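**Q** Protein sequences, first through last, are from chains A and B.
With this note's numbering as the guide, the letters of the first sequence map in order to residues 15 to 126.
With this note's numbering as the guide, the letters of the second sequence map in order to residues 2 to 115.
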Amino acid sequence: AQSVTQPDIHITVSEGASLELRCNYSYGATPYLFWYVQSPGQGLQLLLKYFSGDTLVQGIKGFEAEFKRSQSSFNLRKPSVHWSDAAEYFCAVGANAGKSTFGDGTTLTVKP
Amino acid sequence: GAVVSQHPSWVICKSGTSVKIECRSLDFQATTMFWYRQFPKQSLMLMATSNEGSKATYEQGVEKDKFLINHASLTLSTLTVTSAHPEDSSFYICSARDQKTEAFFGQGTRLTVV
Numbered sequence: 015a016q017s018v019t020q021p022d023i024h025i026t027v028s029e030g031a032s033l034e035l036r037c038n039y040s041y042g043a044t045p046y047l048f049w050y051v052q053s054p055g056q057g058l059q060l061l062l063k064y065f066s067g068d069t070l071v072q073g074i075k076g077f078e079a080e081f082k083r084s085q086s087s088f089n090l091r092k093p094s095v096h097w098s099d100a101a102e103y104f105c106a107v108g109a110n111a112g113k114s115t116f117g118d119g120t121t122l123t124v125k126p
Numbered sequence: 002g003a004v005v006s007q008h009p010s011w012v013i014c015k016s017g018t019s020v021k022i023e024c025r026s027l028d029f030q031a032t033t034m035f036w037y038r039q040f041p042k043q044s045l046m047l048m049a050t051s052n053e054g055s056k057a058t059y060e061q062g063v064e065k066d067k068f069l070i071n072h073a074s075l076t077l078s079t080l081t082v083t084s085a086h087p088e089d090s091s092f093y094i095c096s097a098r099d100q101k102t103e104a105f106f107g108q109g110t111r112l113t114v115v
């Protein structure tokens, strides 16, 4: 069975500081991996995805993620966080887009 | 990216009544749509996969007679919560997959059953 673990429930960073959100997955084959962001009371927006190829994936809003097969990880990074990045972040794994298993999410708080 | 619209954004209904939630892909055809449920401060749980013109596939533990899903066209899927009860109160989100490999999420529907 596939699963996703986001070890950090809540992360607080200062505006301008770098950010890394962790994601570990369990999947029987080559996974499709996704990172989504959700603002309160809103739907999900896709930040980036990995299917194959280059293991460093660039996304929207200055985010990137690196797929490490040996560590079963797909961590999300951003070099400089903005106050507008405060939101809930979900990592997901699946055989295709749409039917995915989501992690429990990480709440990001940005301090001024 | 493509746009998926959910309607209504929020709804309050009385216990025992039924509520219909619509999910529309506005600028692409979606042969497959997915319905998720999200409890406060929790993750999304897949409820069912909806394929145009066929019966929906429900995940284990989801009552198909309570959560009726219809995917009558390539741009519209509906979720009807029948005989709603307070424990059905939740945030329901749909996603629609295009011809490629990307899925787009609606903005969600907040259902409150009183």
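Backbone N, C-alpha and C fix where the C-beta goes; we use that ideal spot for every residue, glycine too.
On a predicted model such as this, the values are computed, not experimentally measured, just so you know.
1) Hey, quick one: how far does the beta strand (DSSP E) through R38(B) stretch, first residue to last?
2) Since S32(A) and S94(A) should fall inside the 8 Å C-beta cutoff, what is the C-beta to C-beta distance between them, to a whole number of angstroms?
3) For K63(A), collect the residues of the same chain with a Cβ closer than 6 Å to its Cβ; drop the 5 residues on either side in sequence, then sort them by chain order.
4) Taking S24(A) as part of the beta strand (DSSP E), name the residues at either end of that continuous run.
5) Y59(B) and K67(B): beta carbons closer than 8 Å?
6) Tell me the start and end of each unbroken beta strand (DSSP E) in the stretch 20-88 of chain B that is at least 3 residues and wholly inside, in chain order.
7) Ignore the nearest five residues each way along the sequence and tell me which others in T33(B)'s own chain have a CB closer than 8 Å to its CB.
8) Name, in chain order, the residues that DSSP records as bridge partners for G17(B).
9) At a Cβ cut of 8 Å, what residues of the stretch 55-85 of chain A count as close to chain B, listed as they run along the chain?
10) Decide if the stretch 64-73 of chain A is in contact with the stretch 6-21 of chain B; the criterion is three or more beta carbon pairs, one per stretch, under 8 Å apart.
11) Just mark A43(A) as buried or exposed, buried being the case when its beta carbon has 16 or more other beta carbons within 10 Å.
12) So, using beta-carbon positions, are I22(B) and T79(B) closer together than 8 Å?
13) Applying a beta-carbon distance threshold of less than 8 Å, which residues of chain C neighbour L47(B)?
14) Kindly indicate the opening and closing residues of the beta strand (DSSP E) around H8(B).
15) Could you tell me which residues DSSP pairs with K82(A) in its beta bridges?
16) Pull up the distance between the alpha-carbon of S16(B) and that of A85(B), whole angstroms please.
17) Give me the residue from L69(B), K56(B), Y37(B), S19(B) with the minimum Cα distance to G107(B).
18) Would G42(A) count as contacting chain B if we go by Cβ distances under 8 Å?
19) Check whether chain A comes within 8 Å of G62(B), counting only Cβ atoms and requiring the distance to be less than that.
20) By a C-beta neighbour count over all protein chains shown, 10 Å radius and 16 as the cutoff for buried, is H72(B) buried or exposed?
**A** By the coordinates alone:
1) 33-39
2) 7 Å
3) F48
4) The sequence as given places His at residue 24(A); Ser does not occur at that position. Looking at the DSSP string, the run of the beta strand (DSSP E) that includes H24(A) is 24-28.
5) no
6) 20-26, 33-39, 45-52, 68-74, 77-82
7) T50, S51, N52, E53, A97, R98
8) According to DSSP, which records beta bridges pairwise, G17(B) is partnered with nothing at all.
9) G55, Q56, G57, L58, Q59, L60, K63, F65
10) no
11) exposed
12) yes
13) Of the chains in the structure shown, none is chain C; the protein chains are A and B.
14) 5-8
15) S87(A)
16) 5 Å
17) Y37(B)
18) no
19) no
20) buried
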